[in-house]
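The sequence shown runs -21 to -1, 1 to 407 under mature numbering (1 follows the signal peptide of the UniProt record, and there is no 0).
Step one of this worksheet: look at the structure below.
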Amino acid sequence: MTRRNRTAALAVLTLVTLLTASCGGAVQDSAAMLPKAAPLERAYRSVSTAKQLTIWTYYNITKDVERFRSEHPDVQVNVATFANGSYVEAYLDGLAGGSPPDILLLDNRDIGAFNTIDGLEDLLQPPYGGQSYKAAIPGNVWKLYSSFDRERMISLPIELPTAATYYRRDLIESLGLPGDPAELGVYLENPEHWLELARKLKAQDRYIFQWEAEPVEVAAMQGNYLQEDLNFARNKPVYQQALEVAKTVHREGLALRSSVQTDPGQEALRSGRLAMVYLGRWGADSLERWAPETKGLWSVTRLPMNLYGWNGGSSLAISSRSQSKELAWAFARMTTQLGVPRPDSGFLDMSPFDVLYTYGQTFVERQTPSPFDRKLEELWTESVTDILENGTHSGSGLRFIESQANSMIEKDRERLLRYLGKNKLERP
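This is how it looks when you write it as C-alpha cells:
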C-alpha cells in the first residue's frame, strides 16, 4: 500500500474512530486488550513465506478452524479471540495499523461501525463470488452486510438471522391453548393473548419472559435505531404497544428474572420454568446445548404481535490489505450457511422455521445500521428501564428517547452524511 493510499485509509478510519469515540468511549489498543494478538502478529510476520491465514473473532470458532485445517493442511491458521464488549474498537485499530488480520468475524448488531469505512474488501468484486450469495439476501436486510450506500458487500453472512419464538409445546397444550406452530402464531398476534399465556403459566411457576423489558426487545428485533436519514426510527405505535405489554409484565411479576445466558436461566429451561424464548436461527442449537434433556418438547413459530425481525447472527469480512485473500474467501465460503440445508439433529422439528426463514426476512423493516448504534443501544436500554420502573406514559417516553437520540448524534450525523457525499437532510 502506498503512503498516499494508507493515509486515505487512515483518514476514513479516523472519521469512524472519532464518531465511535464520541458515542462510546476511546478506542483501546488491541494488543493490550488481548495479549495473544501480538504474538500471533509476530508469528505472521516472521513466517511470511508460508501459507498463512489470520482470523480475528469475538467468539469461539474452533470447529470451523479445525474443519478448514483438515481441508487445507498446508495452511497455518492463526486465531485471536477478542472480548465481545470491546472487539469493535480493537478491530478498527487493527485495520488502521500495520498488521491487520485476513478475516474479521462481525456481530450483525455492530456492522454499523464498519459500513462507512475503507479497509474491507468488496465481496462483489473478483476474486470473490459475493454476487452469487447476494441473491439469497432480501433487499431490506442487505444493509446488514453492505456499505452504508449499499454499493459494496463488506461481509458474508454466516446465515440470515431470522428471529422466531421457541416454545415448549407440551406446556402450552396442557393449558388448552394451541400448540400447533401456525395456530399459536395467529393466537399470539394479539398482545392480550401473549399476556394471558404469561398469566396462566405463572400460576404454575412457569414463565415466557426472561426480563420485564423482553416484550420491547422482541419488538426491537424488527429494525435498527435509525432511519435512512439517520433520524430516530423507534417512535412508532408498535413500540408503544410493546411498552404497555412490558409494563404489565413488570406490574404483575410475569418475568423469570434470569437470562438464558446464565446457569439459573438454563436450569429454568431444563426444568420447564422457562417455556418460551425469542431467538434467531441459532436458538435451536443453543437450546439443545443448554437443555438436551428436553429433546422433542420444543417447537417454533413466528414472533408475537405479528412481528418479523432478526436476532443475533454474524458475518465474515476480509481485510483489503490481506495477503491471503483467496484463502480468506475459501474460509468464508466454507463457513457460510447461505443456501446450505441445515442438518437435522432431531432435537426439535425445524420445518416451521424453514418456512419462516424463507419469507420472514422479507417482512422485516428496511435496515439502517450506523456507527452510532452502540451508544443508542445504551440510551434505549436505560430509557426503557426508566419507563417501566416509573410508569412513564409510553408515548411521552418514546418522544423523549427520540429527542435525546437525535440531539446526541446531531453533529456527527451531519458530519457523516457530508462525508458520504449526501445532501444535508432536513428533519421531518
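Beta carbons: idealized from backbone N, C-alpha and C, even for Gly.
These figures come from a predicted structure and were not determined experimentally.
Per the DSSP calculation, residue i is bridged to which residue(s)?
i: Phe351; result: Answer is none; Phe351 lacks a bridge partner.
i: Ala296; result: Leu83
i: Leu135; result: Leu295
i: Gln245; result: In DSSP, Gln245 forms no bridge with anything.
i: Thr277; result: A quick correction: the sequence has Trp, not Thr, at residue 277. Arg147.
i: Tyr336; result: According to DSSP, which records beta bridges pairwise, Tyr336 is partnered with nothing at all.
i: Val256; result: Tyr145
i: Leu99; result: Ser298
i: Trp289; result: Thr141
For the putative contact between residue i and residue j, defined by C-beta atoms under 8 Å, what is the C-beta separation to the nearest angstrom?
i: Ser349; j: Leu99; result: Not a contact, Cβ separation roughly 16 Å.
i: residue 416; j: Leu32; result: Absent from the structure is residue 416, since the part of the chain shown begins at -21 and ends at 407.
i: Met284; j: Ala199; result: That belief does not hold up - the Cβ atoms of Met284 and Ala199 are roughly 12 Å apart, past 8 Å.
i: residue 452; j: Leu205; result: Outside the displayed span of the chain (-21 to 407) sits residue 452, for which this structure offers no information.
i: Gln245; j: Trp277; result: Between Trp277 and Gln245 the Cβ distance is about 14 Å, and since that is not below 8 Å, they are no contact.
i: Phe310; j: Ile90; result: No, Phe310 and Ile90 are not in contact; Cβ-Cβ is about 19 Å, not under 8 Å.
i: Arg249; j: Thr280; result: Not really, about 22 Å apart at Cβ, beyond 8 Å.
i: Leu396; j: Thr95; result: Rounded, the Cβ-Cβ distance is 10 Å, inconsistent with contact.
i: residue 486; j: Thr36; result: Any property of residue 486 remains undetermined from this structure, which presents the chain solely from -21 to 407.
i: Arg178; j: Leu233; result: 7 Å
Helix, strand or coil for residue i per DSSP?
i: residue 414; result: Nothing about residue 414 can be read from this structure; the chain reaches only from -21 to 407.
i: Val26; result: At Val26, the pLDDT of 44 sits below 50, so the modelled position is not reliable; the number obtained from the coordinates is stated separately. Correct three-state label for Val26: coil.
i: Gln31; result: strand
i: Thr36; result: strand
i: Arg21; result: Residue placement at Arg21 is poorly supported in this model, since its pLDDT is 35, which falls under 50; the coordinates are not used for a value here.
i: Ser237; result: coil
i: Trp261; result: coil
i: Leu13; result: Note on Leu13: pLDDT 36, under 50, position unreliable in the model; the coordinate value appears next. Residue state, collapsed to three classes: coil.
i: Ser125; result: strand
i: Leu156; result: coil
i: Lys390; result: helix
i: Ala114; result: coil
i: Asn369; result: helix
i: Glu381; result: helix
i: Asp43; result: helix
i: Arg268; result: helix
Quick one: any contact between the segment 341 to 360 and the segment 109 to 126, if contact means 3 or more CB pairs under 8 Å?
-> yes
Three or more C-beta pairs below 8 Å linking the segment 137 to 155 and the segment 247 to 263 | yes
Touching or not, the segment 62 to 76 and the segment 275 to 289, by the rule of three or more beta carbon pairs under 8 Å?
-> no
The segment 308 to 322 touching the segment 131 to 139, judged by at least three CB pairs closer than 8 Å = Short answer: they touch.
Mind listing, in chain order, the continuous beta strand (DSSP E) runs of no fewer than 3 residues lying wholly within the segment 48 to 83?
-> 55 to 60
Whole alpha helix (DSSP H) elements within the segment 167 to 228, 4-residue minimum | 170 to 181 and 193 to 199
With a cut-off of 8 Å, do at least 3 Cβ pairs link the segment 352 to 364 to the segment 144 to 161?
-> no
Does the segment 222 to 239 come within contact of the segment 180 to 195, defined as at least 3 CB pairs closer than 8 Å?
-> yes
Touch test, the segment 237 to 254 against the segment 124 to 133, Cβ-Cβ under 8 Å, three pairs minimum | no
Using 8 Å as the Cβ pair cut-off and three pairs as the minimum, do the segment 47 to 63 and the segment 324 to 338 touch?
-> Flag = no, the segment 47 to 63 and the segment 324 to 338 do not touch.
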